[in-house]
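**Student:**
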Ligand SMILES: [Zn+2]
Ligand SMILES: [Zn+2]
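Numbering (the working numbering), first residue to last: 1239 to 1407.
#1: How do the stretch 1359-1369 and the stretch 1335-1351 stand: do at least 3 beta-carbon pairs fall below 8 Å, yes or no?
#2: Mapping DSSP to helix, strand and coil, what is residue 1368?
#3: Considering residue 1400, what are the terminal residues of the alpha helix (DSSP H) in which it resides?
#4: Quick one: grab the DSSP three-state call for residue 1344.
#5: Could you give the distance in angstroms between the alpha-carbon of residue 1292 and the alpha-carbon of residue 1316?
#6: Tell me the residue span of the alpha helix (DSSP H) that contains residue 1323.
#7: Less than 8 Å between the C-beta atoms of residue 1310 and residue 1285, yes or no?
#8: Which value, in whole angstroms, describes the spacing of the CA atoms of residue 1386 and residue 1376?
#9: Just the Cα atoms here: how many angstroms apart are residue 1270 and residue 1297?
#10: Which residues in the same chain as residue 1384 place their Cβ atom closer than 8 Å to its Cβ, once the five residues preceding and following it in sequence are excluded?
#11: Name, in chain order, the residues that DSSP records as bridge partners for residue 1246.
#12: Any contact of the stretch 1263-1280 with the stretch 1328-1345, i.e. 3+ C-beta pairs under 8 Å?
#13: Residue 1374: buried (16+ other C-beta within 10 angstroms of its C-beta) or exposed?
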């Protein structure tokens, strides 16, 4: 059963899905030199560039060689028909789908709640508190805060309770 390989970048982010077996192996000979060559066609899905075909070429009997990529629409009809018959498209598509699904599921956890932990609530009514009483240090909302000033025009924020207590003192 042919399998696919997922290539990860740093941070384990998938960047490419590649078929492990070529969907087409083509042998040809160079008329001038008489050398026999083998071209192997692999289907690749690149998460930035989309679907590509990697063509790996080597001299028969040797290891290593050169490779390049083409978009599928640059393939000739024979290669396309081999691609179609190989099941490679379905295989890669299923893998890419699975990865996309997993990424989507993880999306919520990746996008942290920027207020979350720092959200404070008014001790009187429970709504968002943006202020803190200078006396009791409790959190208070706009409605349950009283803004005053010192004689030197320094702003002071009290909760109602502490404000009235301060006034009575
Ligand atoms: Zn309140
Ligand atoms: Zn207070």
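Note that CB positions come from ideal geometry on N, CA and C, so glycine has one too.
**Tutor:** Taking the geometry as given:
#1: no
#2: coil
#3: 1398-1406
#4: Here residue 1344 sits in helix by DSSP.
#5: 16 Å
#6: 1315-1324
#7: no
#8: If you take the alpha carbons of residue 1386 and residue 1376, they lie about 17 Å apart.
#9: 14 Å
#10: 1395, 1396, 1397, 1398 and 1401
#11: DSSP output for residue 1246 lists 1252 as bridge partner(s).
#12: no
#13: exposed
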